[in-house]
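Everything on this sheet refers to the single structure shown next.
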Amino acid sequence: MSSTDTGTILNVHGPVNQEAYAKAIFNILEDFTAEKGLLEETQRAILNILEDFAGEKDRLEETQRAMLNLLEDFYVERSKTETANHELRESFESLRLAKEATEAANREIEAFSYSVSHDLRAPLRSIAGFSQVLLEDYSEKLDEEGQDLLKRVVAAAEKMAWLIDDLLKLSRVSRAPMEREQVDMSMAARKIAARLSASAPARQVEFILAESLLAFGDGRLLTVALENLLGNAWKFTKKRQQAVIEFGAALRGDKMIFFIKDNGAGFDMTYSGKLFQPFQRLHGAEEFSGTGIGLATVKRIIERHGGRVWIEGELGKGTTVHFTLEERETISHAGDP
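Under numbering that gives the first Met the number 0, read the sequence shown as residues 0 to 336, first letter to last.
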């Protein structure tokens, strides 16, 4: 029998059924197809991974570039900061030197002022003293005109002495170091009012002084300002039979404003801008004494406290002086928290 008979295939191991062989081949092909599909999926996965890697690589490169840009900006800003710090140190040094120069100049001015005032006071005392001796001891030998001239000499010497004192005060309040503390403005005003009343007990003056007004500033300088303002009110109400002088404070907006008000001689508001300049006077010395330095001194003191001062008035009806202080130095009431 031949090898093709009865559909049987012979191999070295014996006969093989052709149908089983075909199934085996078919199974192998199916497995191969499945493996091929799996391989293709694997290839696609690898391609996706490679694509993702390429995307991550691009993002990484962008991140690297961004980091480099940030580092460059950092170095630029660092360089700018170092330059600014260097300039700031130079500015501080310049300010320190300027401060030292100013302090040295102030010491020289103080020494000069003291020397000048001392040198001027000595001859003034001699002039006033000898003139007074002439008036007292030799008045019978002088006619009326001679006595009048000597009285004028004495008055001029006294005025010159006051002027020197006021100029020195103006100079000192402009340069004196400030020692800030809580100041009881009401108490200071009461003490000044008491001294003024004691100086002329015959005068009928009503003082209206607000209670518990506090400020933060240089107590000595603020007291000088009050002395000048209350002193002016006292002086310019001397022709009033019933004089009234008021010291208080009022809130306007977010600002607290001091005021000193009187019912004295007043003034024409046309000239209000001149009153805070040294030596400016609206009344003659024969009517109201003074040197014209007081309000200039007040202005210097208030401005050193970061505030401002202004004046209002009406001729024949009185005057009101207002002033503010820097916000941290503004007034409060003693009972306030």
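All residues carry an ideal CB built from backbone N, CA and C; glycine is no exception.
Using the beta-carbon count (16 or more within 10 Å), is residue i buried or exposed?
i: residue 19; result: exposed
i: residue 261; result: buried
i: residue 293; result: buried
i: residue 299; result: buried
i: residue 26; result: exposed
i: residue 198; result: exposed
i: residue 263; result: buried
i: residue 385; result: Past the boundaries of the shown model lies residue 385; the chain is included only from 0 to 336, so the question cannot be answered.
i: residue 47; result: exposed
i: residue 73; result: exposed
i: residue 130; result: buried
i: residue 301; result: buried
i: residue 32; result: exposed
i: residue 220; result: buried
i: residue 149; result: buried
i: residue 94; result: exposed
i: residue 52; result: exposed
i: residue 318; result: buried
i: residue 91; result: exposed
i: residue 236; result: buried
i: residue 65; result: exposed
Can you look up residue i in the DSSP assignment and give me helix, strand or coil?
i: residue 255; result: strand
i: residue 238; result: coil
i: residue 274; result: coil
i: residue 263; result: coil
i: residue 49; result: helix
i: residue 292; result: coil
i: residue 321; result: strand
i: residue 36; result: helix
i: residue 250; result: strand
i: residue 128; result: helix
i: residue 315; result: coil
Enumerate in chain order the residues of its own chain whose CB-to-CB distance from residue i is below 8 Å, with the five nearest sequence positions on each side excluded.
i: residue 335; result: Residue confidence is low: residue 335 scores 41 on pLDDT, short of 50, so the model does not pin down where it sits. No coordinate-derived value is stated.
i: residue 78; result: none
i: residue 3; result: Low confidence applies here, because residue 3 scores a pLDDT of 45, under 50, leaving its location unreliable and the question unanswered by this model.
i: residue 361; result: Lying outside 0 to 336, the shown extent of the chain, residue 361 is not represented and no answer is given.
i: residue 238; result: 263, 264
i: residue 193; result: none
i: residue 179; result: 215, 216, 217, 328
Can you give me the Cβ contacts of residue i inside the same chain, cut-off strictly under 7 Å, excluding the 5 residues immediately before and after it?
i: residue 119; result: 163
i: residue 254; result: 323
i: residue 222; result: 187
i: residue 138; result: 146
Please list, in chain order, all residues of the same chain as residue i whose beta carbon is under 6 Å from its beta carbon, the five residues on each side excluded.
i: residue 210; result: 185
i: residue 98; result: none
i: residue 320; result: 228, 259, 310
i: residue 68; result: none
State the CB to CB distance for the pair residue i and residue j, rounded to an integer number of angstroms; the pair is presumed to be in contact (CB under 8 Å).
i: residue 306; j: residue 323; result: 4 Å
i: residue 177; j: residue 217; result: 4 Å
i: residue 265; j: residue 234; result: About 13 Å separates the two Cβ atoms, so there is no contact after all.
i: residue 204; j: residue 256; result: 24 Å between Cβ atoms; not a contact.
i: residue 212; j: residue 191; result: Residue 212 to residue 191, Cβ: 14 Å. No contact.
i: residue 82; j: residue 168; result: At roughly 47 Å, the Cβ-Cβ gap does not stay under 8 Å, so residue 82 and residue 168 are not in contact.
i: residue 182; j: residue 160; result: Not confirmed; about 30 Å, so no contact.
i: residue 127; j: residue 153; result: 6 Å
i: residue 100; j: residue 123; result: So it is not a contact: roughly 34 Å between Cβ atoms.
Inset, instruction - Jot down the residue ranges of each uninterrupted beta strand (DSSP E) in the segment 146 to 231, minimum 3 residues, whole runs only, in chain order. - result: 179 to 183, 204 to 208, 212 to 217
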